[in-house]
Structure formats: structure tokens, C-alpha cells
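Asks: Encoded as C-alpha cells, here's the structure I'll be asking about.
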Amino acid sequence: MGSGSRFALQKWRATHLADDPLDSPERRAPARAPRAETVRITNREKVYWPALGLTKGDLIDDDRAVSPLLLPHLRDRPVHLRRFPDGIEGKSFFHKHAPAHTPDGVRTVRLARSDAEQSIEHYVCDDLRSLLYLVNLGSIDLHPWGSTVLSPETPDRLIFNLDPVAAGFAATVRVARELGKRLRGIGLQPVLKTSGSRGLHLVISLQPSYSYEQIGMFAEAVARLVVRDLKEIATIERSPARRGNRVYIDTLQNRRGQTVVPPYVVRPVRAASVSVPLDWDELDVSLPPSSFPFTEVLERFQLRGDLAAPLCEQAEDIAPAIEAIVRSLGGGDGTP
DNA sequence: GTGGACG
DNA sequence: CGTCCACAACGCTGG
DNA sequence: CCAGCG
Numbered sequence: 001m002g003s004g005s006r007f008a009l010q011k012w013r014a015t016h017l018a019d020d021p022l023d024s025p026e027r028r029a030p031a032r033a034p035r036a037e038t039v040r041i042t043n044r045e046k047v048y049w050p051a052l053g054l055t056k057g058d059l060i061d062d063d064r065a066v067s068p069l070l071l072p073h074l075r076d077r078p079v080h081l082r083r084f085p086d087g088i089e090g091k092s093f094f095h096k097h098a099p100a101h102t103p104d105g106v107r108t109v110r111l112a113r114s115d116a117e118q119s120i121e122h123y124v125c126d127d128l129r130s131l132l133y134l135v136n137l138g139s140i141d142l143h144p145w146g147s148t149v150l151s152p153e154t155p156d157r158l159i160f161n162l163d164p165v166a167a168g169f170a171a172t173v174r175v176a177r178e179l180g181k182r183l184r185g186i187g188l189q190p191v192l193k194t195s196g197s198r199g200l201h202l203v204i205s206l207q208p209s210y211s212y213e214q215i216g217m218f219a220e221a222v223a224r225l226v227v228r229d230l231k232e233i234a235t236i237e238r239s240p241a242r243r244g245n246r247v248y249i250d251t252l253q254n255r256r257g258q259t260v261v262p263p264y265v266v267r268p269v270r271a272a273s274v275s276v277p278l279d280w281d282e283l284d285v286s287l288p289p290s291s292f293p294f295t296e297v298l299e300r301f302q303l304r305g306d307l308a309a310p311l312c313e314q315a316e317d318i319a320p321a322i323e324a325i326v327r328s329l330g331g332g333d334g335t336p
């Protein structure tokens, strides 16, 4: 690591960590004094990743260290947990209802279900204490919504999930490049990241102006155009059997109540990898997405900075992009 | 991993 | 007190 | 109608 990046890290720490990372002054009553970290962590020694010998304590330590990078992608969002109380090879379950015994200090929000028949109390992970509490429950990857509690029905994230299935990573890279090019061509700036599993994600930060349904339709239309150009290697076919060896461009995550794996979250996979943002010029066949176990992410941050920061810094107006897509679909270039 | 229900 | 159990959910598609 | 899918 060069001194330049060391300096960048220090500067970043100074602005992001401050004295009390638990406090978020613009939205909270001023604290009298920084509060001690009071979350009780249990079973630190339990092995979560047997192949690597990594424990729950290792995960907790990593989440604490990476929290300034991760929390901005969780803040104000309903979050679903996926819990692995006995590590990645044990039983797991999703958990979305925040029970009545949820401690004070872990925010929850009651939202109507999509059918409006009932409402559900959701967790919201706004700060380090909440993060550690939720991870102590056995959560490995947290799954935030693509919209915030401020306007739950209008997403501020647009996600394309490229799943290689049997297509291989080289084809996935080609599809990602093409999709990225097309999105930039209609004025959007997608952030590229590994899924932490096998695939790649392209994520766009949106002004929350459209419904999930509208955003989902837009995403599918874009995916359709990419498939038109790359028929041999890309598909939006939902049935796995009919995908063949093509990369699946999954746009179904742009739906209410669906979730989007955020940058910097650890995945419950053997390699203990993280969903890591990439520079577009890093995108290469030689970069398998299982790269970057959580043990290497801070080091990578020191070299590359926070490549996901744009997602939290600027929200894009998608209206011109929608118009452009409508034009190209209606433009009579062969699509019935 | 943990609280609540059951016996 | 020891055990057992729950811990999401929804529209779409293919069969 | 049910099962699989994400």
C-alpha cells in the first residue's frame, strides 16, 4: 500500500468514522455522550466457514470494521435477515418480522404488506449497534429493500443481476459490458459489483419517482434489448431449463418486497466472499467473482477507495432513460 | 440463536 | 426445567 | 391446480 492510499484511508476515516460512529446527527436527537457499545456478542468461537476456519467472531469483527462502508447501503431501508445460526453449512432461514422483544435502539418500521391486508414490522439497520445485533442473531448477509422507509413504494435502486448459471464467467463479463454500455448510452451510470457468489450486479441509484412496477418494466425492457444483441449468451428466460448455457439477466429483483444484496455484505458461501464494487476497467475474465473474501476487503478498500460511494451520493433521474427505451422499442427496428 | 409454547 | 418449534412470501410460469 | 423460481 502506498502512502497516498494510506493518507486517503486516514482522511476517509476522519470524515466517516468521527468520534462516535453510532451517532447520525442529522436525524437523531443529540446524544449526551457517545454511548458504549452494548451489544452482547454470543458464540464468538462458533465456526461459520469450516473450510476457511472462520468464526462468527471473525464475521462480527469484519462487519464492525467495514460498517462505515456498508451502513450507508442499509440506512433507512427495511431489511430482511437470512440467518445461519450454525454457520453456512447448517440450517438457514429468512427472517423479516421484527418481534416484539427487539431491543430499543434497533429501529423497526411497520409497513403494509403489498396486499394491504396486514402490516409487518420490519427491521431497519441504521447504525453499528443494530448491525451487530442483527449479525449476532446469526445473520450473514442482510437483504435491504430497493426503497427506503421514506417512500417504500418507489424504489431508489435499480438492479440487474447477471447469473452465469452454466454460462461461465467469460460470457457474464461480456453481458455485463454490453449492459453497462447500453445503460450509459441512455444516460445512466451503473455501478458494477460482484454478487459475492457467482454473478455480477449492475446497480443504479434512482430518484424515487416511479413505482416498482414501472422500474421493473423498464429493467426488463433494457434486458430485452441486450438479449437481442447477444442472443447466443444472454437470456431473460425464467425457466432454468430453457436458459441453456446463457447468462440469465434477472430483473425480477426490482419488485416490492424483493431485496438487493448491498455492496460490502458478506455472503454465506465457502469462500466467505463479499459483494465487492468493481471499477469497470477491472472487469475481466481473470477476475472470478468469488474473489475478495471478507478478510481482504479492507485492504482492497485501501487500494481502490469506495467504488460504491456514488450510489449514496447521487440519485439519477431515470425519466430520459425511460423515454429513450420507449423510443427504441417503438422505433420499429424489428421487435414485433 | 433465541424466545415462547408445551409437557 | 428440558425440548421443540418457528423464524418469508408472492406473482408468474410451466406442467 | 400445483410446483418451481427468484
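Note that my numbering numbers the first sequence so that position 101 is 101, with each residue one more than the last. All residues carry an ideal CB built from backbone N, CA and C; glycine is no exception.
What residues match up with Lys193 in a beta bridge as DSSP calls it?
Replies: Beta-bridge pairing links Lys193 to His201, Pro277.
Asks: Quick check: the stretch 280 to 288 against the stretch 39 to 54, are at least 3 beta-carbon pairs closer than 8 Å?
Replies: No, the stretch 39 to 54 is not in contact with the stretch 280 to 288.
Asks: Using only the alpha-carbon positions, how far apart do Asp163 and Val265 sit?
Replies: Taking the straight line joining both Cα atoms gives about 18 Å.
Asks: Among residues of its own chain, excluding the 5 on either side of Leu111, which ones have a beta-carbon nearer than 7 Å to its beta-carbon?
Replies: Closer than 7 Å at the Cβ level, and outside the excluded window around Leu111, lie Pro78, Ser119, Ile120, His122, Pro152.
Asks: Which class does Tyr212 belong to by DSSP, given the choice of helix, strand or coil?
Replies: Reduced to three states, the DSSP call for Tyr212 is helix.
Asks: Work out the CA separation of Arg304 and Glu296 for me, nearest whole Å.
Replies: One C-alpha to the other measures close to 12 Å.
Asks: Between Ala176 and Leu192, is the Cβ-Cβ spacing less than 8 Å?
Replies: Yes, these two residues count as a Cβ contact at 8 Å.
Asks: Quick one: which unbroken alpha helix (DSSP H) runs of 4-plus residues sit fully inside the stretch 82 to 165? Chain order, please.
Replies: Taking only runs of at least 4 residues, the alpha helix (DSSP H) segments lying wholly in the stretch 82 to 165 are 128 to 136.
Asks: Just verifying my parser: in three-state terms, what is the DSSP assignment at Ala324?
Replies: In this structure, Ala324 counts as helix in the three-state DSSP scheme.
Asks: With a 10 Å radius around its C-beta and 16 neighbouring C-beta atoms as the bar for buried, classify Lys56 as buried or exposed.
Replies: The residue in question, Lys56, is buried, as its Cβ has 16 or more Cβ neighbours within 10 Å.
Asks: Does the Cβ of Pro155 have 16 or more other Cβ atoms within 10 Å, making it buried, or fewer, making it exposed?
Replies: Label assigned to Pro155: buried.
Asks: Taking three-plus beta-carbon pairs below 8 Å as touching, is the stretch 94 to 102 in contact with the stretch 62 to 82?
Replies: Enough Cβ pairs lie closer than 8 Å, so yes.
Asks: Could you check whether Val149 and Asp104 sit closer than 8 Å to each other, using their CB atoms as the reference points?
Replies: Result no, Cβ atoms of Asp104 and Val149 do not sit closer than 8 Å.
Asks: Sorted by chain position, which residues of the same chain lie with C-beta nearer than 6 Å to Gly196's C-beta, five sequence neighbours on each side aside?
Replies: Cβ within range, chain order: Arg267, Ser273, Val274, Ser275.
Asks: At which residues does the alpha helix (DSSP H) containing Val66 begin and terminate?
Replies: Unbroken alpha helix (DSSP H) run through Val66: 56 to 70.
Asks: By DSSP, does Pro21 sit in helix, in strand, or in coil?
Replies: Residue placement at Pro21 is poorly supported in this model, since its pLDDT is 39, which falls under 50; the coordinates still yield a value, given next. It is coil, neither helix nor strand.
Asks: Per DSSP, which residues does Ala234 bridge with? Please list them.
Replies: Bridge partners of Ala234: Val247.
Asks: Between the Cα of His101 and those of Ile88, Ser92, Leu71, Leu137, spot the shortest distance and give me the residue it belongs to.
Replies: Of the candidates Ile88, Ser92, Leu71, Leu137, the one whose C-alpha sits nearest the C-alpha of His101 is Leu137.
Asks: Where does Val326 land, buried or exposed, given buried means 16+ other C-beta within 10 angstroms?
Replies: Val326 comes out exposed.
Asks: If contacts are defined as beta-carbon pairs under 8 Å, then Arg224 and Ile233 qualify, I think. What distance do you get, rounded to the angstrom?
Replies: Not confirmed; about 15 Å, so no contact.
Asks: Return the residue from the list Asp58, Arg182, Asp141, Val39 that minimises the CA-CA distance to Val260.
Replies: Among Asp58, Arg182, Asp141, Val39, the Cα nearest to that of Val260 belongs to Asp141.
Asks: Evaluate Asn254 with the Cβ neighbour count: other Cβ atoms within 10 Å of its Cβ, from every protein chain shown; 16 or more gives buried, anything less gives exposed.
Replies: Buried, by the Cβ-count rule.
Asks: Is Glu299 helix, strand or coil when you go by DSSP?
Replies: It is helical.
Asks: Under 8 Å between the Cβ atoms of Leu132 and Arg64?
Replies: Yes, these two residues count as a Cβ contact at 8 Å.
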